[in-house]
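Participant:
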């Protein structure tokens, strides 16, 4: 923190016990019109602002997530059908195994089965498209 929103430069600052601490002059903060929006605490000689480093990191993460909000929504909407198919068709809503490794293997096999089903459906569609449809009329037969 280098200065407050009003533009007052701090007297001194540092990081202590997982917090960023900034000291501001008492004369400048007592007359400030933004004092009700500020996190400052009055002390004997100055005003002190303490901000937890974890909250700073959380704010950065929130900002990143907000930037990619629309992208995340579209991905989530795209995967919902897959999750539903796995839950209803392969029983993913209730696993019959315990343990992290066994659960991962079980889920992996269920996803593999779902992918095989989709691949088989795709291949059947391609085979149907390859066979020409004959509608009425005669088909010439060549014999030698």
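Residue numbers (the numbering used here): -2 to 141. Every residue, glycine too, gets a C-beta built ideally from N, C-alpha and C.
1. Going by DSSP in three states, residue 5 sits in which element: helix, strand or coil?
2. Helix, strand or coil, according to DSSP, for residue 33 in the structure here?
3. Is the region 44 to 54 touching the region 7 to 23 in the sense that three or more CB pairs, one from each, lie closer than 8 Å?
4. Return the CA-CA distance between residue 47 and residue 67, expressed in angstroms with no decimal places.
5. State the DSSP-derived secondary structure class of residue 59, mapped to helix, strand or coil.
6. Starting from residue 118 and walking both ways along the alpha helix (DSSP H), at which residues does that stretch end?
7. Under a three-way DSSP split, which group does residue 17 fall into?
Facilitator: If we stick to the structure as given:
1. The residue you call residue 5 lines up with position 8 of the chain shown. Reduced to three states, the DSSP call for residue 5 is coil.
2. Here the question's residue 33 lines up with position 36 in the chain shown. Here residue 33 sits in helix by DSSP.
3. yes
4. The sequence position of residue 47 within the chain shown is 50, counting from 1. The sequence position of residue 67 within the chain shown is 70, counting from 1. Going from the Cα of residue 47 to the Cα of residue 67 covers about 34 Å.
5. Within the chain shown, the letter at position 62 stands for residue 59. The answer is helix: DSSP assigns residue 59 an H, G or I state.
6. The residue you call residue 118 lines up with position 121 of the chain shown. Its alpha helix (DSSP H) spans residues 97 to 127.
7. Sequence index remark: in the chain shown, residue 17 carries index 20 (1-based). Residue 17 falls in the strand class under three-state DSSP.
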